[in-house]
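Numbering of the sequence shown is given in full-length UniProt numbering, commencing with residue 5 and proceeding in unit increments.
By construction, the Cβ of each residue, glycine as well, lies at the ideal position given by its N, Cα and C atoms.
Small disclaimer: the values here were computed from a predicted structure and weren't measured.
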Amino acid sequence: ENVAVIGLGYIGLPTASILATNGLNVIGVDVDQRTVDAVNRGEVTFVEPDLAVQVAGAVSQGRLKATTDTPAAQAYIVAVPTPFRDDHSADLSYIEAAASGIAPQLQGGELIILESTSPPRATRHMAEYILGLRPDLSIDGAGDTSVIHFAHCPERVLPGRVMIELVTNDRIVGGMTPEAAAMAKELYAVFCQGEILVTDDVTAEMAKLVENSYRDVNIAFANELSVISDKIGINVWELIKLANHHPRVNILQPGPGVGGHCIAVDPWFIVAAAPEESRLIRTAREVNDAKPRWVIDKVHDAVAGLPADAEIALLGLSFKANIDDLRESPAIEIAARLADELGGRRINISEPHVESLPDSLAGFGNCKLRSLEDALYRSTIVVLLVDHDSFREVRPIQLEAKFLIDTRGVLKA
Ligand code: SAJ
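Below, the structure written as structure tokens:
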């Protein structure tokens, strides 16, 4: 069986490689020639545990190839970005571009799955887009047309555990028709050992958005507690630890804000679909988005009484622990604002998972990437932004006489 996976990013490439290593012939499609070339060499363009070895294996077996042109295939999996615009509505242009590539290849009978996290009814939008280009096709075969099957199957894998969770997570499969759902279920059963739950396309879209909103709301609760605790003068980490001893309480961990491409984005799709009704979801987003500014203001307060040559250490840039993914990272936002607002003051950044500063920081003359030891040694103020395991090794003596702002409760001074 031939499967085309459109978009070879954080979700598309793992999915393409796991389908290929399970015996299907997979063609990966991406607009970026460098990504296509890398995959054809059996290489990956980002770090995800066990992905490189899967891709290398799939390519050397001849089961995975990459190209920039959408081929004919029996099944298509669309895994392209769905960012939001300034007004928080979803930008479906990548889905439309993928649909434009698929439409001319269709002969009838194909399955087209949207995997991208999408606002409600995006799968229907994609279907209408394709059928608009191909009046000879339909979802039900009415009026002498050939049938195309559309489904939404959201991915829910956790970055850093993608290759494990692709196999073990339960999977939601939402068909525009029961037949489409059944076909999609059969395709995912090739590698998914979890339960495959069948529903309609719009419920499947909402399930994914609701899962991430649930997490966002709960992280917002923890972030709000950290701000309240600071005001009252108590330790939020101790507070949460104690409260979590209650058998029905399980509070998450505060941090410098919420990053990544999903949790900080998906809730807005619900808010955009039902603005009046989504009060809690919207407020949670606002609470989490306000947290970086709160951390920045803490640093300003700390800097106020210090000599002009006192340096700042920022520990961590990625959006969460033990990964190299800097997308939508609150740590980057904090670093860039501080670099700008503190002008001449030196900022020593330690991020063991990258080799150079990202573009958003490289332009600031006062920022430098340094080893953890170096950054700590030079700095008077230490701001911990990411709970990387390696930062837990910091010894109390390295923090002696330093001003600490620990946004993740990691440093034991
Ligand atoms: N965070 C906190 N406190 C916590 C937990 C997380 O501040 O207690 C922060 C993290 O530091 C990070 C952000 O939240 O900045 C998101 O991290 P995460 O580990 O909660 O989630 P992601 O973005 O890596 O992956 C999520 C997952 N969704 C859920 O757990 C409901 C994953 O299963 C989804 O597949 C993924 O979003 C996605 O692609 O949608």
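Quick one: using the 10 Å Cβ neighbour count with 16 as the cut-off for buried, is residue i buried or exposed?
i: A131; result: buried
i: N216; result: buried
i: G367; result: exposed
i: N352; result: buried
i: I274; result: buried
i: P182; result: exposed
i: V253; result: exposed
i: I134; result: buried
i: V63; result: buried
i: I236; result: exposed
i: A312; result: exposed
i: H265; result: buried
i: H249; result: exposed
i: P158; result: buried
How about residue i and residue j: do their beta carbons lie closer than 8 angstroms?
i: S122; j: E209; result: yes
i: R160; j: K212; result: yes
i: N227; j: P258; result: yes
i: A340; j: S364; result: yes
i: P124; j: V206; result: yes
i: A146; j: G179; result: no
i: A184; j: L118; result: no
i: N222; j: L256; result: yes
i: K295; j: P356; result: no
i: L96; j: R138; result: no
i: V7; j: L23; result: yes
i: C15; j: G105; result: A small correction: the amino acid at residue 15 is Ile; Cys does not occupy that position in the sequence shown. It is not a contact, given that the beta carbons lie outside the stated cut-off.
i: L330; j: I336; result: yes
i: G113; j: S150; result: yes
i: I409; j: V307; result: no
i: R289; j: D391; result: no
i: V358; j: D378; result: no
i: V82; j: A60; result: no
Compute the beta-carbon to beta-carbon distance between residue i and residue j, rounded to the nearest angstrom, for a pair I have assumed lies under 8 angstroms.
i: L411; j: P260; result: It is worth fixing the name first, because residue 411 is Thr in this sequence and not Leu. Indeed, because the Cβ distance is near 4 angstroms, the residues count as touching under 8 angstroms.
i: K324; j: G413; result: Contact flag wrong, Cβ pair sits at about 14 angstroms.
i: V43; j: G32; result: 6 angstroms
i: V164; j: P53; result: Strictly speaking, residue 164 in this sequence is Gly, with Val absent from that position. Between P53 and G164 the Cβ distance is about 7 angstroms, and since that is below 8 angstroms, they are a contact.
i: L319; j: L389; result: 6 angstroms
i: T25; j: Q58; result: 6 angstroms
i: P75; j: S120; result: No, P75 and S120 are not in contact; Cβ-Cβ is about 20 angstroms, not under 8 angstroms.
i: G198; j: D234; result: About 41 angstroms separates the two Cβ atoms, so there is no contact after all.
i: A406; j: V386; result: As written in the sequence, residue 406 is Lys, which differs from the Ala given in the question. Confirmed, Cβ separation roughly 5 angstroms.
i: F88; j: W272; result: 5 angstroms
i: L68; j: A20; result: 6 angstroms
i: V171; j: K189; result: Going by Cβ atoms, the distance from V171 to K189 rounds to 16 angstroms, so no, they are not a contact pair.
i: A268; j: E332; result: 5 angstroms
i: W298; j: V231; result: 6 angstroms
i: D34; j: L12; result: 4 angstroms
i: A317; j: S354; result: 7 angstroms
i: R349; j: N370; result: 6 angstroms
i: D373; j: L361; result: It is Leu, not Asp, that sits at residue 373 in the sequence shown. Yes, they are in contact, since the Cβ atoms of L373 and L361 sit about 5 angstroms apart, within 8 angstroms.
Can you confirm whether residue i, when its beta carbon is compared against all beta carbons of chain B, has any partner nearer than 8 angstroms?
i: G164; result: The question asks about chain B, but that chain is absent: this structure has only one protein chain.
Less than 7 angstroms separating the Cβ of residue i from some heavy atom of the ligand SAJ?
i: F273; result: no
i: I223; result: yes
i: T121; result: yes
i: K324; result: yes
i: V262; result: yes
i: V161; result: yes
i: L256; result: yes
i: N248; result: no
i: R289; result: no
i: G259; result: yes
i: R219; result: yes
i: E215; result: yes
i: A226; result: yes
With hydrogens ignored, establish whether the beta-carbon of residue i is closer than 7 angstroms to any heavy atom of the ligand SAH.
i: I267; result: The ligand SAH is not part of the structure shown, which contains the ligand SAJ as its ligands.
Could you tell me which whole alpha helix (DSSP H) segments of length 4 or greater appear in the region 295 to 356? 334 to 345
Could you tell me which uninterrupted beta strand (DSSP E) segments, each at least 3 residues in length, are contained entirely in the region 92 to 134, listed from first to last along the chain? 115 to 118
Ranges of the alpha helix (DSSP H) found wholly within the region 127 to 187, counting only runs of at least 4: 166 to 172
4 or more residues per run - each alpha helix (DSSP H) lying fully within the region 23 to 76: 37 to 44, 55 to 64
Restricting to runs no shorter than 3 residues, where is the beta strand (DSSP E) found entirely within the region 261 to 292? none
Whole alpha helix (DSSP H) runs in the region 181 to 236 with 4 or more residues, listed along the chain? 182 to 192, 205 to 236
In chain order, what are the residue ranges of uninterrupted beta strand (DSSP E) at least 3 long that sit wholly in the region 350 to 412? 351 to 354, 371 to 373, 383 to 388, 407 to 410
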